[in-house]
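One structure is given below, encoded as structure tokens.
What follows is the structure, given as structure tokens:
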């Protein structure tokens, strides 16, 4: 199945939402859209393309009603998604969906492309869990490319699960939470109690990450 979803937010009207395939959006507040599944996706062989655009001066929050499950298909175990985010001049985007859970024997890859104006605001979180209870054989990869005002802010790629560089049977990380925030002037920091880290980016933003065996309940901070 091929899925396409577009969300266009403007300061002068409600967000416009168009979709085909297994993912849709529903407006749940003046500036809030929740993602909902309309069919089982992603299955092996599925492709997803999502475009989220916030026009100058507009505000948008995008969340989801439930976690997503990446599952193997009958003939193909791999699925993929491409996410495009554009935040205009003086605009604000909060993107905070529920986690992606990659079930046993499934493989899922994500490519995130983000374009942000110099005076706009972005808070983008991605959370992933390899396996449901007592599952540990899925694989996931994600790349992030973010530009601010035409200049690079972040180039980042990470892999989890079977076949990844850090994977082993004893202590491999099976979950990751990652938050890209712009602007953010806080310095880099490491929290040894939970293994989380915030990296200050030269362009004025930050990337906060934490890895572990299982995802912890999400807080509201970056």
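In our numbering, the protein residues as written are -3 to 218. We put the CB at the ideal spot given by N, CA and C, even for glycine.
Integer-rounded CB distance, given that residue j should sit under 8 Å from residue i
i	j	result
residue 81	residue 32	That pair is no contact at about 19 Å.
residue 7	residue 41	The pair is not a contact, with the Cβ atoms about 39 Å apart (cut-off 8 Å).
residue 58	residue 16	Contact doesn't hold; Cβ gap of about 18 Å is too wide.
residue 113	residue 87	7 Å
residue 176	residue 201	7 Å
residue 174	residue 205	5 Å
residue 147	residue 199	7 Å
Classification of residue i by the beta-carbon crowding that lies within 10 angstroms, buried from 16 upward
i	result
residue 91	buried
residue 71	exposed
residue 197	buried
residue 5	buried
residue 27	buried
residue 184	exposed
residue 157	buried
residue 36	exposed
residue 102	buried
Where residue i falls: helix, strand or coil (DSSP)
i	result
residue 85	coil
residue 168	coil
residue 104	strand
residue 6	strand
residue 174	strand
residue 141	strand
residue 114	coil
residue 73	coil
residue 189	coil
residue 211	coil
residue 217	Any answer about residue 217 is weak, because its pLDDT of 42 lies below 50 and its placement is not dependable; what the coordinates show is given next. Residue 217 falls in the coil class under three-state DSSP.
residue 31	strand
residue 11	strand
residue 196	strand
Terminal residues of the beta strand (DSSP E) in which residue i lies
i	result
residue 133	Careful: residue 133 lies outside any beta strand (DSSP E) and carries neither H nor E.
residue 184	Looking at the DSSP string, residue 184 is not in any beta strand (DSSP E), and its letter there is neither H nor E.
residue 37	Segment: none, residue 37 is in no beta strand (DSSP E) and carries neither H nor E.
residue 148	147 to 157
residue 99	Taken as a continuous stretch (DSSP letters only), residue 99 belongs to no beta strand (DSSP E), as it is neither H nor E.
residue 47	43 to 50
Residues sharing a beta bridge with residue i, DSSP
i	result
residue 91	58, 120
residue 63	DSSP, once it has assigned bridges, lists no residue as partnering residue 63.
residue -3	Note: residue -3 sits in no beta bridge, so no partner.
residue 21	31
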